[in-house]
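Everything in the sequence shown is counted per full-length UniProt numbering, starting at 1 for the first residue and increasing by one. Worksheet: one structure, shown below.
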Amino acid sequence: MGSFQRVGERLMFPNHKFVTTSAMTGQRRNIFIQTQSTPNPASLMFFPGKPIMENGSADFPNARSAMSSPLAKALFGIDGVTRVFFGSDFITVTKSDENSWDLLKPHIFAAIMDFFSSGQPLILDSTTVASMDTAIHEDDSETVAMIKELLETRIRPAVQDDGGDIEYVKFEPETGIVKLRMQGACSGCPSSSVTLKSGIENMLMHYVPEVKGVEQEFDGEEEDIKLTGAPHE
Numbered sequence: 001m002g003s004f005q006r007v008g009e010r011l012m013f014p015n016h017k018f019v020t021t022s023a024m025t026g027q028r029r030n031i032f033i034q035t036q037s038t039p040n041p042a043s044l045m046f047f048p049g050k051p052i053m054e055n056g057s058a059d060f061p062n063a064r065s066a067m068s069s070p071l072a073k074a075l076f077g078i079d080g081v082t083r084v085f086f087g088s089d090f091i092t093v094t095k096s097d098e099n100s101w102d103l104l105k106p107h108i109f110a111a112i113m114d115f116f117s118s119g120q121p122l123i124l125d126s127t128t129v130a131s132m133d134t135a136i137h138e139d140d141s142e143t144v145a146m147i148k149e150l151l152e153t154r155i156r157p158a159v160q161d162d163g164g165d166i167e168y169v170k171f172e173p174e175t176g177i178v179k180l181r182m183q184g185a186c187s188g189c190p191s192s193s194v195t196l197k198s199g200i201e202n203m204l205m206h207y208v209p210e211v212k213g214v215e216q217e218f219d220g221e222e223e224d225i226k227l228t229g230a231p232h233e
C-alpha cells in the first residue's frame, strides 16, 4: 500500500489515475468498467458501476478459496491471476509478475461482464459470511472498542480507496501490540510495511495510549476465504 500522509487528523492517500474502458462481446450488455491503479503494481481495481459487497469485504488469496464465488472462480480461471478481492463497489485483481495488464485486462473485463449477465449470486454459500471484524462486542474492553472504531471509521476507508482492506485480528494487552491482516492490494505490496508503521500504527498510538505498536499477522490460513461482511444481493 502507499504511504499514509498525515493531514491534520486525517489519513490521506495519493490520487491514482482512473481509466474508463468499455467492453461488449456478442450478446452481452455493454458494461463500462473503470480501472484504477493502486500503490501495488501487481494489483488493479475494476469498477463495474454496480454494487459488489453490501458491507465489508471478501478476500480470496488463491483459487481454492474462490470455489464459493462464481466471479472469483472465473477470475482465477484466467492465467496469471493470483488473488481476488471484493470491496463495496470494486474488484481488485492481483497478477503474477510474469503477466502484463495489457494481456490480462480483456479477459478480466469479459469475466466480469459474464458474471453480471448470468444473474448468479456473488457468494454461493451465504452462511460462510462472517460478522464484521470491527464489530464491537459486549465483552470487548474499552481499549479494543476504541481500536475497532478507529479502524472502521478512520483507517479502513483510506485503505479501501487503494483497493485493499485490513482485518482486525487481536489486541495483546500485555505487550500493547495490535495484530492486523492486510488484504487485497495491500497484501504483498512492497510498501505495506510503510503503511502499517507510518499510517496505521501512528494513528492508533496517538488516539489509544495503550497501543504500543502494530504488527502484520501472517498465518497458515491463506487457503480460506476471508469475509468481513456481506455480499450485495
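For each residue, glycine too, the CB sits at the ideal point set by N, CA and C.
Measuring straight from C-alpha to C-alpha, what distance separates residue i and residue j?
i	j	result
residue 97	residue 174	40 Å
residue 119	residue 49	16 Å
residue 150	residue 135	12 Å
residue 9	residue 117	Its pLDDT being 33, under 50, residue 9 is placed unreliably in this model, and the value from its coordinates should be taken loosely. Each residue's alpha carbon lies about 43 Å from the other.
residue 115	residue 108	11 Å
residue 256	residue 171	Because the chain here runs from 1 to 233, residue 256 falls outside it and cannot be looked at.
residue 148	residue 178	10 Å
residue 138	residue 103	50 Å
Grab me the residues of residue i's own chain with a C-beta within less than 7 Å of its C-beta, minus the 5 sequence neighbours each way, in chain order.
i	result
residue 67	73
residue 89	47, 51, 52
residue 155	11, 166, 200, 203
Within the same chain, show all residues whose beta-carbon is closer than 6 Å to that of residue i, passing over the 5 residues directly before and after it, in chain order.
i	result
residue 218	none
residue 83	61, 94
residue 63	76
For residue i, tell me which candidate among the options has the shortest Cα-Cα distance.
i	options	result
residue 53	165, 187, 207	165
residue 214	169, 122, 104, 34	169
residue 55	139, 63, 69, 152	152
residue 71	210, 182, 63, 111	111
residue 33	181, 65, 106	106
Give the secondary structure of residue i by DSSP, where H, G and I count as helix, E and B as strand, and everything else as coil.
i	result
residue 55	strand
residue 153	helix
residue 81	strand
residue 71	helix
residue 49	coil
residue 65	helix
Within a Cβ cutoff of 8 Å, which residues of the same chain sit near residue i, ignoring the five residues on either side of it in sequence?
i	result
residue 197	214
residue 176	210, 211, 212, 213
residue 143	171, 173, 208, 210, 211
Assuming residue i and residue j make a contact with CB atoms under 8 Å, what is their CB distance in whole Å?
i	j	result
residue 92	residue 184	4 Å
residue 207	residue 113	With a Cβ gap of about 43 Å, residue 207 and residue 113 do not count as contacting.
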